[in-house]
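Student: Below is one structure. I have some questions about it.
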Amino acid sequence: MIFRRLARDSAIYGGADFIAKILTFFSFPLVAAALSPLAFGALELILASGRLLGVVINCGQNNALQRFYWDENTLKTDRPSAVSSGLLTQFFLGSFAFLILCIAIPELYVIAQREELPISQSSLFLGACLMVLFQWNQYALDVTRLHEAPWSFFSISIWSRGGAAVLGVFAVLVLEWGIDGWIAGQVLASLSSLPIALFIVRRDLTFRIDFKWVRKLTGFGYPFIYVGLAYWLFTSMDRWMLAGLASVEEVGIYSVASRFGIVVFFVSTAFGQAWSPLAIKVRTEYPEKYREMYVNVLFALLISMLVVGGGLALFSGEVIGLFMPTAYSSAALPLVILCFGSILQSTQQVTAIGISLEKKVFIFARVAWVTALINLGLNYWLIPLHGATGAASATLVSYMVMTGSYLYFTQRLHPLPIPWRRLGAILFLGGIVAWVAISWVSAELVWFAVISKTSLAIACIVMAYFLLPNKTLNFRQTAG
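Letter by letter, the sequence shown follows residues 475 to 954 in the working numbering.
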């Protein structure tokens with residue numbers, strides 16, 4: 475049964491993410507408390523810049539490989555050439571970018587000193603190392619998912635991400651290396667996990683480049699550079715604009731809210747890691763009913779995300795007050811807004827399915843950039859007025875526009891039988907939870923508020939369950 479396998483793989487991928495993110499979740503308050511808001515904001519700027527350059531290095535190779543690896547026109551004997559060509563392409567691009575950054579480090583250091591940011595040349599060098607190592611590790615991890623080896627993914631992910639958090643905390647708190655120590659921990663974990671990941675996927679590694687596959691993967695994948703740049707605008711540009719239009723302290727506040735919001739994003743990621751290798755197989759194996767199955771997945775995903783994200787949003791103030799110093803209490807309201815942004819973002823894994831099936835990848839780029847411009851304009855307008863809360867609001871609206879646009883094009887290109895009234899009712903319940911969460915933010919633990927919010931959450935969950943089009947979500951039954 476496909477859904478059982480989807481649930482199993484989601485649990486394994488989610489387990490890896492959960493352990494890694496729990497370690498990260500409990501480590502970042504320790505790091506944030508040891509660093510000043512200015513230093514923590516500077517660290518976030520380095521990491522955000524690395525993610526931006528990483529999008530270019532990736533060149534959409536991961537997305538393209540996932541699209542063609544299990545394609546009916548790809549022979550089993552061709553898969554090693556596809557995997558190796560994509561890996562070597564990333565290796566050459568990453569090495570070139572790393573050399574350019576190393577040459578530019580002295581000038582970047584001068585700029586950091588001019589802005590009075592606590593960034594050393596070592597931080598910049600380590601940030602460049604982390605940028606390329608992260609991309610290479612992620613490519614190898616994606617290949618393990620294509621190999622349908624979730625436990626291999628589990629073990630590598632635990633070390634490369636969870637181990638990085640432990641090493642980072644040790645370097646910051648024990649060795650007192652500050653920003654340098656945190657990034658060095660990430661680099662060491664990534665550097666040690668890469669050989670293991672490559673060994674696990676060795677059956678698809680020939681270390682010979684096939685230019686036919688380079689052209690095919692790059693031709694399909696390069697539009698995802700623009701999509702990735704747009705996502706970078708959503709996840710990183712707000713930090714740069716906060717630093718320029720508000721203050722670096724506001725960057726720290728926003729980053730704290732974003733880190734707590736990772737709890738919501740992790741659920742979405744776990745599902746996506748299990749779903750993406752199966753999405754095309756579902757269409758192949760159930761040609762008569764796959765559209766209905768996609769709708770069932772969309773509803774189940776949306777409700778699950780509302781349970782997790784809405785629950786965290788309702789108690790954002792209490793959670794921030796419990797784990798963070800008083801200086802970060804203003805991160806509660808941005809956290810509420812970011813939770814609902816993550817909920818909307820998660821639905822793109824299904825709302826965009828029709829675009830992928832029809833191979834109209836240029837639509838991803840166009841929608842992403844239109845949304846990016848909206849995000850940029852909203853940040854420019856809202857950040858001077860509301861700081862971190864304004865940046866979070868811009869992100870929420872951006873995800874709303876993006877997933878709505880994807881669904882529009884999916885319905886035009888490859889329509890899904892969506893029961894719109896049920897979908898509207900679920901979104902209405904989510905709106906009620908959002909209104910209560912925003913109106914009732916409190917850093918203090920008040921039992922009346924806790925009981926009231928809990929009662930609301932339970933009532934909404936029960937009502938949402940009865941709005942599911944297929945309450946069992948049994949794919950075998952759905953497929954007849």
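Glycine included, every Cβ here is placed at the ideal spot set by N, Cα and C.
1. Which same chain residues end up closer than 7 Å to TRP656 when comparing Cβ atoms and leaving out the 5 residues on each side of it in sequence?
2. Compare the C-alpha of GLY828 against each of THR869, PRO891, ILE794 and name the closest.
3. Could you tell me whether the region 632–641 touches the region 663–671, where touching means 3 or more Cβ pairs closer than 8 Å?
4. Suppose contacts are defined by Cβ-Cβ distances below 9 Å. Is SER790 in contact with LEU818 by that definition?
5. Taking the CB atoms as reference points, tell me whether LEU897 and PHE773 lie closer together than 9 Å.
6. Say whether the region 579–587 touches the region 694–709, bearing in mind that this needs 3 or more beta-carbon pairs closer than 8 Å, one atom from each stretch.
7. Note down, one range per segment and in chain order, each alpha helix (DSSP H) of at least 4 residues found wholly within the region 759–795.
8. When the Cα atoms are used, what is the spatial distance from ASN770 to GLY515?
9. At the level of alpha carbons, what is the spacing between ALA842 and LEU649?
10. Quick one: which unbroken alpha helix (DSSP H) runs of 4-plus residues sit fully inside the region 559–597? Chain order, please.
11. Taking 9 Å as the cut-off, decide whether the C-beta atoms of ARG742 and GLN823 are in contact.
12. Give the straight-line distance between the Cα atoms of TRP651 and THR551, rounded to the nearest whole angstrom.
13. If I measure Cβ to Cβ from PRO554 and keep anything under 6 Å in the same chain, skipping five residues before and after, which residues do I get?
14. With a threshold of 16 other CB atoms inside 10 Å of the CB of PHE814, please say whether the residue is buried or exposed.
15. Taking just the CA atoms, how far does GLY659 sit from VAL730?
16. Skipping 5 residues on each side, what residues in its chain have a beta carbon closer than 8 Å to that of TYR543?
17. Where PHE565 and VAL756 are concerned, what is the direct C-alpha to C-alpha distance, given to the nearest angstrom?
18. Excluding the five sequence neighbours on either side, which residues of its own chain have a C-beta within less than 7 Å of the C-beta of SER629, listed in chain order?
19. Which of the three DSSP states, helix, strand or coil, is assigned to ARG950?
20. In its own chain, which residues sit with a C-beta less than 6 Å from the C-beta of ALA787, not counting the 5 before and 5 after it?
21. Quick one: what's got a C-beta closer than 6 Å to PRO511's C-beta in the same chain, skipping five residues either side?
22. Per DSSP, what kind of secondary structure is ASP545 in: helix, strand or coil?
23. Report yes if the CB atom of GLN609 is closer than 9 Å to the CB atom of ILE520, and no otherwise.
24. Is the region 779–786 in contact with the region 931–945, if contact means three or more CB pairs nearer than 8 Å?
25. Cα-Cα, which of GLY534, ASP654, TRP714 is closest to TYR455?
26. Report the start-end ranges of each beta strand (DSSP E) in the region 857–931 that is 3 residues or longer and not cut off at the edges.
27. Sort VAL640, PHE570, GLN535, GLU589 by Cα distance to ALA614 and report the nearest one.
28. Roughly how many angstroms lie between the CA atoms of ILE574 and TRP625, to the nearest whole one?
29. Suppose the cutoff is 6 Å on Cβ atoms and the five residues either side in sequence are ignored; what does the same chain contact list for GLU622 look like?
30. Is TRP894 buried or exposed, if buried means 16 or more other CB atoms sit within 10 Å of its CB?
31. Among the candidates SER820, GLY524, GLN612, whose CA atom is the shortest distance from the CA of SER667?
32. Write down the C-beta distance between SER559 and ASP684 rounded to the nearest angstrom, noting that I regard them as a contact closer than 8 Å.
33. Which residues bound the alpha helix (DSSP H) around CYS813?
34. Determine whether the beta carbon atoms of LEU881 and THR825 lie at a separation below 9 Å.
35. Check for me: the alpha helix (DSSP H) holding PHE685 runs from which residue to which?
Tutor: To lay it out plainly:
1. Mapped onto the sequence shown, residue 656 falls at position 182. Counting only Cβ-Cβ distances below 7 Å, and skipping sequence neighbours, we find VAL505, LEU517, GLY642, ALA645, VAL646.
2. As a working note, residue 828 is residue 354 in the sequence shown. Checking every option, the nearest Cα to that of GLY828 belongs to PRO891.
3. The region 632–641, when compared against the region 663–671, does touch it at the 8 Å Cβ threshold.
4. On the sequence shown, position 316 is the one that residue 790 refers to. On the sequence shown, position 344 is the one that residue 818 refers to. Contact: no.
5. Start at 1 with the first residue of the sequence shown, and residue 897 comes out as number 423. Start at 1 with the first residue of the sequence shown, and residue 773 comes out as number 299. Their beta carbons are under 9 Å apart, which means LEU897 touches PHE773 by this criterion.
6. No contact exists between the region 579–587 and the region 694–709.
7. 764–788
8. For the purposes of this step, residue 770 is taken as the residue at position 296 of the sequence shown. For the purposes of this step, residue 515 is taken as the residue at position 41 of the sequence shown. Computed Cα separation, rounded: 41 Å.
9. Within the sequence shown, residue 842 is the residue found at index 368, counting from 1. Within the sequence shown, residue 649 is the residue found at index 175, counting from 1. Distance between the alpha carbons of ALA842 and LEU649 is about 42 Å.
10. none
11. Taking the sequence shown and counting its residues from 1, the one referred to as residue 742 is at position 268. Taking the sequence shown and counting its residues from 1, the one referred to as residue 823 is at position 349. Residue identity differs from the one stated: residue 742 is Ser in this sequence, not Arg. For SER742 and GLN823, yes; Cβs fall inside 9 Å.
12. By one-based count along the sequence shown, residue 651 stands at place 177. By one-based count along the sequence shown, residue 551 stands at place 77. Approximately 49 Å, taken between the alpha carbons.
13. The residue given as residue 554 occupies position 80 in the sequence shown. Same-chain partners within the cutoff: ASP678, THR680.
14. Residue numbering aside, residue 814 sits at position 340 when the sequence shown is read from its first letter. The residue in question, PHE814, is buried, as its Cβ has 16 or more Cβ neighbours within 10 Å.
15. The count along the sequence shown starts at 1 and reaches residue 730 at position 256. The count along the sequence shown starts at 1 and reaches residue 659 at position 185. Going by the C-alpha atoms only, they are around 20 Å apart.
16. To locate residue 543, count along the sequence shown from 1; it is residue 69. Answer for TYR543: ARG553, ALA556, VAL557, LEU620, listed in chain order.
17. On the sequence shown, position 91 is the one that residue 565 refers to. On the sequence shown, position 282 is the one that residue 756 refers to. Whole-angstrom Cα-Cα distance: 33 Å.
18. On the sequence shown, position 155 is the one that residue 629 refers to. Excluding sequence neighbours, SER629 sits near nothing in its chain.
19. Counted from its first residue, the sequence shown places residue 950 at position 476. Model confidence at ARG950 stands at a pLDDT of 45, short of 50, so the residue's coordinates are unreliable and nothing is read from them.
20. As a position in the sequence shown, residue 787 is number 313, starting the count at 1. These residues qualify, in order along the chain: VAL810, CYS813, ALA911.
21. The sequence position of residue 511 within the sequence shown is 37, counting from 1. Excluding residues within five positions, the ones whose Cβ falls inside 6 Å are GLU723, GLY726.
22. On the sequence shown, position 71 is the one that residue 545 refers to. Correct three-state label for ASP545: coil.
23. Residue numbering aside, residue 609 sits at position 135 when the sequence shown is read from its first letter. Residue numbering aside, residue 520 sits at position 46 when the sequence shown is read from its first letter. The answer is no: Cβ separation not under 9 Å.
24. yes
25. Within the shown structure, residues of the chain are numbered from 475 to 954, placing residue 455 beyond reach of any answer.
26. none
27. As a first step, residue 614 must be located in the sequence shown, where it is residue number 140. For ALA614, the nearest C-alpha among the options comes from GLN535.
28. For the purposes of this step, residue 574 is taken as the residue at position 100 of the sequence shown. For the purposes of this step, residue 625 is taken as the residue at position 151 of the sequence shown. Spanning the two alpha carbons is a distance of roughly 37 Å.
29. Counted from its first residue, the sequence shown places residue 622 at position 148. Hits under 6 Å: none found.
30. Numbered from 1 along the sequence shown, position 420 holds the residue referred to as residue 894. TRP894 should be labelled exposed.
31. For the purposes of this step, residue 667 is taken as the residue at position 193 of the sequence shown. Ranking SER820, GLY524, GLN612 by Cα distance to SER667 puts GLN612 first.
32. Translated into the one-based positions of the sequence shown, residue 559 becomes position 85. Translated into the one-based positions of the sequence shown, residue 684 becomes position 210. Sure, about 5 Å apart at Cβ, within 8 Å.
33. Mapped onto the sequence shown, residue 813 falls at position 339. Per DSSP, CYS813 belongs to the alpha helix (DSSP H) from 806–820.
34. The residue given as residue 881 occupies position 407 in the sequence shown. The residue given as residue 825 occupies position 351 in the sequence shown. Closer than 9 Å, so yes.
35. Working through the sequence shown from its first residue, we reach residue 685 at position 211. Counting along the chain, the alpha helix (DSSP H) containing PHE685 begins and ends at 685–695.
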